[in-house]
Amino acid sequence: MTGSNPTTQNEIPFKAETKQLLDILINSLYSDRDVFLRELISNASDAITRINFEMLTNHQVIDPDAAPAIRLYADKENGTLRITDNGIGMNADELAENLGTIAKSGARSFLEAAKEKNAGSVNDLIGQFGVGFYAAFMVAEWIEVTSRSFRPQDKAAKWRSTGSGSFTITDAEKSDRGSEILIKLKEDAKEYTEEFKLRDVIRKHSNYIPYPIYIGDSEERVNAETTIWRQSPSELKDEDYEKFYQSFTLDFEKPLNRLHLSIDAPFQMYALLFIPSKPERNMFSLRKEDGLQLYARKVLIQDYCTTLLPRYYRFIEGVIDSEDIPLNVTRETMQANRVILTLKKILAGKVTDLLKKWGTDEKEQYAAFWKKFGVFICEGIVTEPEAKDSLVPLLRYRSLNHGEEYLSLADYVLEMKPGQDKIYYILGENLDTLRNSPHIETLKKKGMDVLLLADPFDPFVITNLEKFQDFSLVNAATEKFSEDADKKDAEAKQEPALDESASQGLIQRFKDTLGEKVSDVKTTDRLVESPARLADAEGAISPEMQKMYHLMQQDFSAPKKVLEINPAHPLITRLAEVTDSDLASQIINQVYDGAKIMDGETPDQFAMLTRIQNLIISLLDQQKT
Ligand code: ADP
Ligand code: MG
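Just so we're aligned, residue 675 is where the sequence shown starts under the numbering used here, counting upward by one.
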């Protein structure tokens, strides 16, 4: 009789963290206990994948011809459930090692998350993490694992535990290769002896396991017959894809988009790729690393293959299956494999095409993608010069005239004003500041649009582009706007500007007051609404470079700026007439601080507040008289 007589010999204690995990699982009131079956079936599937892989190079194994199979046997009378596989198996040492400690599974992250929660809410966490083999203790009084390793010389062994503190390892009789998990079900878990229940759980959680799952000795496969990526897209519904994505990643949100491909030339390949719901992988995701799952002739040869897509597309999840990839290709030889390199090129092109089409057909959904994943595209432009041209159409920006909308460079060009021959942008940290920037007043007045670049990587991308179609991309802050005819009319309604000598006098006052704070003071005719702006000195490093340096080196301090004043602005014209030198210097400092604020910088707030209060007092004094 199996398992009815717990032995006291060879008791091996669980490691401390395994104990903690078991305590939580045994006492859990988690409502979706079905996930234990998913864990055991996924272990069985992993074990079969590993023996397939082993047999690529080694035929000295037990049962070399066994067809992969996972079987579930329910015994109502004894209240047990048995799960068998003909995978790689384990010898006594491996049993003790693998089922005594916490493997690399989600179990460890689960424990960490559980520590931060109180006992009651831990239950909610269980389903979100793949807690692995130990999940079976949610439904088990005891568990016995009998296993026979693939190595002919290894003996069969049995692991047994009630989940409380320790386990035993004993010799066992088992002639065929693989593992058998026997679970004595708890009184309240007898539903797992019902065939319909088992079928239901398999379809729900393990439908896309690549090996057949049977109930009992029946030859009727319960899980989906073909791997979904080998099916024709016309046979599949959105739901099918979503279910597969969910079981593949354990992401409970829908993917943003997908690409299902089947090609025959120059090489044969199936690909099913997803843009996940968000760039960050959940700690409970089944996908632990970047990379695609790679099957070659139905054998999983790499779980995380990073050589099949360019690095900037590493956020993509999915499966590649090809008859043409040699089975013995390793991580190292991949980089140089001609088939892989060709497939990579094709895949990258297809993904880019998908994104391009998405961006024109469904602008809003694409914008949502861009917000989350745009940074990867930007990285591609900066780091892979040969991919640049193909990626530029994927770029999106916010602009002065388009509120929250995202524009492509092509959209911008379509709306350019007659005679406009440049694409204007402005750099900063904050969209609101940029929208009100004094640097773009000239353009604003003419109704021209300006791209607002407020993301930290924008300066890197923009300096990489220089041109789009035939139009150069220019920073509105550094661009010199040439005099044009309509300008004079536009200014007619403003008050007359200061004349040359008044300007010179005022400039000198500014210089005396501001001293070292600025490199120079000048008048400018490019401002409309603002009294002044801070501009880069002639020959200074560009604002793009300044931003890049600023990001890359902490102690970078920007070069001093030139204060350009607007001689037609009422504040400036009146300032020129002020005789009280103390009042004048307060106003000058205020103009300077104001220009800083318009660039998104923070002036000395205390000094500024004191100054404003003083100005108000003098204003009130005037009222009295
Ligand atoms: P994970 O699957 O994430 O490694 P588990 O707790 O599910 O974590 O399993 C722990 C380890 O036990 C596995 O890594 C594997 O080495 C071993 N194992 C579990 N089930 C089987 C099985 N059916 N056949 C062979 N080895 C198994
Ligand atoms: Mg597992």
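Ideal placement from N, C-alpha and C gives every residue a C-beta, glycine not left out.
Owing to the predicted nature of the structure, the values given are computational and were not obtained by experimental measurement.
Just tell me which of the options has its CA closest to the CA of residue i.
| i | options | result |
| --- | --- | --- |
| isoleucine 999 | Ile975, Leu983, Arg904 and Gly992 | Ile975 |
| lysine 1018 | Gln1039, Asn684, Lys864 and Arg985 | Arg985 |
| leucine 696 | Ala721, Asn726, Glu869 and Ala814 | Ala814 |
| methionine 1090 | Leu1068, Asp1144, Ala1042 and Glu1078 | Asp1144 |
| leucine 1065 | Met1008, Leu1139 and Arg1005 | Leu1139 |
| threonine 820 | Ala766, Ala1281 and Asp1106 | Ala766 |
| proline 1171 | Pro1244, Pro1112, Gly1213 and Tyr866 | It is worth fixing the name first, because residue 1171 is alanine in this sequence and not proline. Nearest option by C-alpha distance: Pro1244. |
| aspartate 1123 | Asp1256, Tyr1099, Trp1032 and Pro1112 | Tyr1099 |
| arginine 620 | Asn1149, Asn760, Gln1296 and Leu1188 | Lying outside 675 to 1299, the shown extent of the chain, residue 620 is not represented and no answer is given. |
| proline 1112 | Ala1150, Glu771 and Leu924 | Ala1150 |
| glutamate 991 | Asn1011, Ser959 and Val1003 | Ser959 |
| glutamate 1148 | Ser1175, Ile1114, Ser1177 and Lys1120 | Looking at the sequence provided, one finds valine at residue 1148 rather than glutamate. It is Ile1114 whose Cα lies nearest to the Cα of valine 1148. |
| glutamate 954 | Lys1046, Ser936, Asn1011 and Val796 | Lys1046 |
| lysine 1270 | Pro1205, Lys750 and Leu1257 | Pro1205 |
| leucine 746 | Lys871, Lys791 and Ser705 | Lys871 |
| aspartate 1173 | Leu1108, Arg1248, Ser1146 and Leu1208 | Arg1248 |
Can you tell me which of the three DSSP states residue i falls into?
| i | result |
| --- | --- |
| aspartate 998 | coil |
| tyrosine 1040 | helix |
| alanine 1281 | helix |
| glutamate 818 | strand |
| isoleucine 1291 | helix |
| tyrosine 915 | helix |
| threonine 621 | The shown model of the chain, from 675 to 1299, leaves out residue 621, and the question about it has no answer. |
| serine 640 | Not covered by the structure: residue 640. The range shown for the chain is 675 to 1299. |
| threonine 754 | strand |
| alanine 1171 | coil |
| serine 1259 | helix |
| glutamine 1296 | helix |
| serine 783 | helix |
| leucine 1088 | helix |
| phenylalanine 1142 | strand |
| tyrosine 885 | coil |
| alanine 1159 | Only weak support is given to the placement of alanine 1159: the predicted model assigns it a pLDDT of 45, under 50, and the question is left unresolved by the model. |
| serine 1177 | helix |
| glutamate 909 | helix |
| leucine 1188 | helix |
| leucine 1127 | strand |
| serine 835 | strand |
| tyrosine 704 | coil |
| aspartate 891 | coil |
| alanine 1346 | Residue 1346 is absent from the structure shown; the chain starts at 675 and stops at 1299. |
| serine 719 | helix |
| tyrosine 1071 | strand |
| glutamate 1058 | coil |
Tell me whether the beta-carbon of residue i lies closer than 8 Å to the beta-carbon of residue j.
| i | j | result |
| --- | --- | --- |
| threonine 1116 | valine 1202 | yes |
| leucine 769 | tryptophan 816 | no |
| asparagine 736 | alanine 718 | In the sequence on display, residue 736 carries isoleucine and not asparagine. No, the pair does not count as a contact, with Cβ atoms beyond the cut-off. |
| arginine 822 | glycine 774 | no |
| isoleucine 902 | leucine 930 | no |
| tyrosine 1080 | tyrosine 1086 | no |
| isoleucine 698 | alanine 788 | yes |
| lysine 829 | aspartate 850 | no |
| phenylalanine 941 | valine 1013 | yes |
| threonine 758 | glutamate 854 | yes |
| valine 875 | isoleucine 887 | no |
| alanine 945 | isoleucine 889 | no |
| leucine 1083 | leucine 1069 | yes |
| asparagine 684 | isoleucine 843 | yes |
| isoleucine 1136 | glutamate 1218 | yes |
| glutamine 1009 | threonine 981 | yes |
Any idea which residues DSSP pairs residue i with across the strands?
| i | result |
| --- | --- |
| cysteine 979 | Leu966 |
| histidine 934 | Leu946 |
| glycine 852 | Arg822 |
| asparagine 1149 | Tyr1099 |
| isoleucine 857 | Leu755 and Ile817 |
| isoleucine 686 | Phe841 |
| isoleucine 1239 | Thr1197 and Ala1206 |
Does the Cβ of residue i lie closer than 7 Å to at least one heavy atom of the ligand COA?
| i | result |
| --- | --- |
| glutamate 771 | Here the bound small molecules are the ligand ADP and the ligand MG; the ligand COA is not part of this structure. |
Any chance the segment 1224 to 1240 sits against the segment 1184 to 1197, with 3 or more Cβ pairs inside 8 Å?
yes
Quick one: any contact between the segment 1283 to 1293 and the segment 1257 to 1269, if contact means 3 or more CB pairs under 8 Å?
Using a Cβ-Cβ distance cut-off of 8 Å, the segment 1283 to 1293 and the segment 1257 to 1269 are in contact, since at least three pairs of beta carbons, one from each stretch, lie closer than that value.
Given 8 Å as the limit, is there contact between the segment 711 to 726 and the segment 880 to 890, that is, 3 or more CB pairs closer than that?
yes
Three or more C-beta pairs under 8 Å: does that hold for the segment 1124 to 1134 against the segment 1104 to 1113?
yes
Quick test of the definition: if touching needs 3 or more C-beta pairs under 8 Å, does the segment 1218 to 1231 touch the segment 1171 to 1186?
no
Count the C-beta pairs between the segment 1049 to 1058 and the segment 979 to 995 that are closer than 8 Å, then say yes if the count reaches three, no if not.
With the rule of 3 Cβ pairs closer than 8 Å, the segment 1049 to 1058 counts as touching the segment 979 to 995.
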